[in-house]
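First up is the structure itself, then whatever we jot down about it.
Number of protein chains: 2
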Amino acid sequence: MLDREACAALDEADPLGGFRDEFVLPEGVVYLVGNSLGAMPRRTAERVARTVTEEWGRELVGGWNSAGWFAQPLTTGDRLAPLIGAGPGTVVVGNTTSIAVYQAVSAALGLRPGTIVVDRANFPTDNYMIERLGPTRDVSEGFEGAAVVLLAEVDYRTGARYDVPEVTRQVHEAGALMIWDVCHSVGALEVDVAEADFAVGCTYKYLNGGPGSPAFLYVNPRHHEAAQNVLPGWYSHAEPFAFEPRYRPAEGIRRFAVSTPHVLSFAALEASLDLWDQVAVADVRRKSTMLTDLFIDLVGDRLELASPRDAERRGSQVSFLHDDGYPVMRALIDRGVHGDFRAPDILRFGFAPLYTRFVDVFDAATIIGEVLEKELWRDPAYRNRLAVT
Amino acid sequence: MLDREACAALDEADPLGGFRDEFVLPEGVVYLVGNSLGAMPRRTAERVARTVTEEWGRELVGGWNSAGWFAQPLTTGDRLAPLIGAGPGTVVVGNTTSIAVYQAVSAALGLRPGTIVVDRANFPTDNYMIERLGPTRDVSEGFEGAAVVLLAEVDYRTGARYDVPEVTRQVHEAGALMIWDVCHSVGALEVDVAEADFAVGCTYKYLNGGPGSPAFLYVNPRHHEAAQNVLPGWYSHAEPFAFEPRYRPAEGIRRFAVSTPHVLSFAALEASLDLWDQVAVADVRRKSTMLTDLFIDLVGDRLELASPRDAERRGSQVSFLHDDGYPVMRALIDRGVHGDFRAPDILRFGFAPLYTRFVDVFDAATIIGEVLEKELWRDPAYRNRLAVT
């Protein structure tokens, strides 16, 4: 088992070690919630300020052209594409994951009407959004007879990871279309949805785009012609500025845009992507598996593991089960270890490899050990339920 | 006819005169495009910076509670409500106007299936979004037999204004539901959609929320129980953090939320609403009619008026027709008068009363006169079509 010194040595040798200084992180906190909201890149403040004061303040409405706002859904899409194994002209950015799910499933059902297979473990919004689009059934019943399959690559509660190429192959073999939700994998591992039919994801977790930063939608080029956009706003029109009375879809991925981009939220995402341009995702994945393996080893049998033990089958988060998970997490946060709690009994810890150090893992595991061994979580103060996120 | 001195005297006496200093406006420019993208309030830069560096940077994921992000769609809705004549708990903010239109029309058709009456003059996105939701027909054929009517209070091209109470009454008498798009009226005049069934609007024009700032959706309380949200994301769930497998709608207006708010875009809107808290909309409307009347008088018969002559029937914009509208607008912008052009022949000038002065109107009209009399727009340089917004 590694001691703190050995962890410090791993940080020393870490090829991603230099990135930590690119982020603002509060003193005395081990932030293991980057799987929910990523930390703020230092450069973001300046980039957003520039968009506000220089672009909006000086260019005013001219910014739609001069500052590239109008093109953002597509230009940002092209920048994101490599992070999900996709090519240029296949990703459009904007709106929210919920809306992208609605677009993807609607488009898929337009191409292939029938039953939607979902995972009860999908983040609820995915399943809520599609409840009224058609009949659904759980993935545990297999893909036979399905028209459309919607799964999250990484389970938001357990961190369990699907084998994307293999599942995509099985789904296609069953004659269905495959939609991947990569919210909990993009920026944490080498996502590759190129063979899938559609994919959706958010940018505020491992990609550090900021609270409520825009979502994205991947549409496989083989569907660009036939698939329809259920939300055909003017941005997706063949000639938006012709202001034609009837809708006429644009060619290519722009057909799946909706409307005006949230420019300030895009600015923060662009700052973060400037950082991602310098990152090799293979390095991120390598460090992620080291961090999560180390964490599982160090916590040991003090807590029951809810995540797969095999790093190959896991995203960049580790979850444990505890009947008193809520007060345990409160006690940890009180001692500077920030994870989160998901009812009824899940303690989640996310490891964002760009800013999480091996010594952070060591310190977090040490504090977890102390809180559990001394039963510090039994303090009645930790039972008061606060609003949770 | 007023001279420049008389205009300066009007500015001196203007009860809204003090607000101009609250905005950043470029030197040497008369900005008459606030009906497209409002100017930047000075306070916005600081407010957005605080959200980035203090809230996100320091609170991290905790900001969803501590900084009020989670509640934004509703708290900002309550702040906007008075600007459209609505009460608390009836407006939800987020997403885009296109998406709000889709939600409103879908919900209305759920309550009252049938034909949708639209105005060919609606901003195209409104009509595009609903093309596939049901049969549509033009308002020129009247309301008889309609199920749902979707109209823009102020026409984006001509500035013509519907009589909202009267039309709402007629639509209800015909047994249909009324949806108002108030994008081009909110912040420019005393909008009152309280009697309507639904209303939608954006916040980046006269409200100065910034490029791509969030849209809003008003739902009359009489429909909160029966109307359905076609985009039932987890924010609209009765207990979002219960992560229940099936959808269960929240009570009240929260039922019409979708998903995660674009927090940075909300921050800019909140800064602008801090300013609007100090504004009496009656003053805004009074000044708006004075500004637009003056502009029409000063331009005189040099250009053919496309807007109603009667200020009562007009929003806060004045449009003229010119067969060579594109080069004319280019020549004006070159001389510091910023309006915009809408194909095929419309010159638009928007008057945002919080920062547009009477002397600006005088100067703009003077330059328009010069450009037309000397035919300065015939310069071949102005014929090159640039991308337009």
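First to last, the sequence lines map onto chains A and B.
Here full-length UniProt numbering is used: position 200 in the first sequence is 200, and no number is missing along the way.
Here full-length UniProt numbering is used: position 249 in the second sequence is 249, and no number is missing along the way.
Yeah, the Cβ is synthetic: ideal placement off N, Cα and C, and Gly gets one too.
Being a predicted model, the structure only gives us computed values, none of them experimental.
ask   = Among all the DSSP beta bridges, which residues are the ones paired with B/Asp181?
value = B/Ala152, B/Val200
key: chain B residues whose Cβ lies nearer than 8 angstroms to that of A/Leu231   = Ser98, Ile99, Tyr102, Met129
key: Minimum length 4: unbroken alpha helix (DSSP H) runs contained in the region 345 to 382 of chain B   = When DSSP assignments are scanned along the region 345 to 382 of chain B, the uninterrupted stretches of alpha helix (DSSP H) that are 4 or more residues long and fall wholly within it turn out to be 358 to 373.
A/Glu27 burial status per 10 Å Cβ neighbour count (16 or more: buried) = exposed
inquiry  = Under DSSP, the alpha helix (DSSP H) around A/Leu264 begins and ends at which residues?
reply    = 263 to 276
inquiry  = Let me make sure I understand the geometry here. Which of B/Pro211, B/Ser259, B/Leu217, B/Gly210 has the alpha-carbon closest to that of B/Val193?
reply    = Of B/Pro211, B/Ser259, B/Leu217, B/Gly210, the residue nearest in Cα terms is B/Leu217.
query = Are three or more beta carbon pairs between the region 127 to 134 of chain B and the region 285 to 300 of chain A nearer than 8 angstroms?
reply = Touching, no.
ask   = Looking at the structure shown, is B/Glu304 part of a helix, part of a strand, or coil, going by DSSP?
value = strand
task = For A/Thr338, write down the residues that DSSP places opposite it in a beta bridge.
result = First, the amino acid is wrong: residue 338 of chain A is His here, not Thr. Paired residue(s): A/Tyr31.
The region 55 to 67 of chain B contacting the region 84 to 92 of chain A, beta-carbon criterion three pairs below 8 angstroms = no
Where A/Leu321 sits in the DSSP three-state scheme = Residue state for A/Leu321 is assigned as strand, using DSSP reduced to three classes.
For A/Ala257, three-class secondary structure by DSSP = coil
request  = Please name the residues in the region 45 to 61 of chain A whose beta-carbon is closer than 9 angstroms to at least one beta-carbon of chain B, in chain order.
outcome  = Ala45, Val48, Ala49, Thr51, Val52, Thr53, Glu55, Trp56, Gly57, Arg58, Glu59, Leu60, Val61
request  = Check distances from the C-beta atoms of the region 112 to 128 of chain A to those of chain B and list, in chain order, the residues that come in under 8 angstroms.
outcome  = Of all residues in the region 112 to 128 of chain A, only Arg120, Phe123, Pro124, Thr125, Asn127, Tyr128 place a beta-carbon less than 8 angstroms from a beta-carbon of chain B.
message = Measuring alpha carbon to alpha carbon, tell me which residue in B/Ala199, B/Val154, B/Thr115 is nearest B/Ala174.
response = B/Thr115
query = Residues in its own chain within less than 6 angstroms of B/Val263 by CB, not counting five upstream and five downstream?
reply = Trp69
ask   = Within the 9 angstroms Cβ cut-off, does A/Thr389 reach chain B?
value = At A/Thr389, the pLDDT of 44 sits below 50, so the modelled position is not reliable; the number obtained from the coordinates is stated separately. It does; some Cβ of chain B falls within 9 angstroms.
task = Give the DSSP bridge partners of B/Thr136, in chain order.
result = B/Ile116
Proximal residues of chain B, C-beta to C-beta of A/Ser36 below 7 angstroms = Val61
Inter-residue spacing [alpha-carbon to alpha-carbon] between A/Phe241 and B/Gly209 = 23 angstroms
task = Hey, could you find the ends of the beta strand (DSSP E) B/Val91 is sitting in?
result = 91 to 93
inquiry  = Does the CB of B/Glu244 have a neighbour CB from chain A at under 9 angstroms?
reply    = yes
ask   = Are the C-beta atoms of B/Thr260 and some chain A residue less than 9 angstroms apart?
value = yes
request  = Give a yes or no on contact between the region 371 to 386 of chain A and the region 343 to 353 of chain A, applying the rule of three or more CB pairs nearer than 8 angstroms.
outcome  = no
query = Taking all protein chains shown into account, do 16 or more other C-beta atoms lie within 10 angstroms of the C-beta of B/Pro124, making it buried, or fewer, making it exposed?
reply = buried
task = Would you identify the three-state DSSP class for B/Ala241, choosing helix, strand or coil?
result = With the sequence shown as reference, residue 241 of chain B is identified as Phe, and Ala is not the correct amino acid for it. If DSSP states are grouped into helix, strand and coil, B/Phe241 belongs with the helices.
message = Excluding the 5 residues flanking A/Ala152 on each side, which residues of the same chain have their C-beta closer than 6 angstroms to its C-beta?
response = Asn122, Asp181
query = For the putative contact between B/Ser307 and B/Thr158, defined by C-beta atoms under 8 angstroms, what is the C-beta separation to the nearest angstrom?
reply = Yes, B/Ser307 and B/Thr158 are in contact; Cβ-Cβ is about 5 angstroms, under 8 angstroms.
query = Where does A/Phe295 sit, in a helix, a strand or coil, going by DSSP?
reply = Look at A/Phe295 here: in three-state DSSP terms it is helix.
task = Could you work out which residues of chain B lie near A/Val182, taking near to mean beta carbons separated by less than 8 angstroms?
result = Chain B residues near A/Val182: none, gap ~16 angstroms exceeds 8 angstroms.
task = Would you decide whether B/Pro211 is buried or exposed? Buried here means 16 or more other CB atoms lie within 10 Å of its CB.
result = buried
ask   = Exposed or buried, A/Gln72, counting other C-beta atoms within 10 Å across all chains shown (16 or more means buried)?
value = buried
query = Are A/Ala17 and A/Lys205 close, meaning C-beta to C-beta below 9 angstroms?
reply = At residue 17 of chain A the sequence reads Gly, which differs from the Ala that was named. Against a cut-off of 9 angstroms, the Cβ pair of A/Lys205 and A/Gly17 comes out as no contact.
request  = With a 10 Å radius around its C-beta and 16 neighbouring C-beta atoms as the bar for buried, classify B/Ser140 as buried or exposed.
outcome  = Per the 10 Å Cβ criterion, exposed.
ask   = Taking Cβ to Cβ, would you say B/Ile84 is nearer than 9 angstroms to B/Ala199?
value = It is a contact, given that the beta carbons lie within the stated cut-off.
task = In angstroms with no decimal places, state the Cα-to-Cα distance between A/Arg330 and A/Glu304.
result = 18 angstroms
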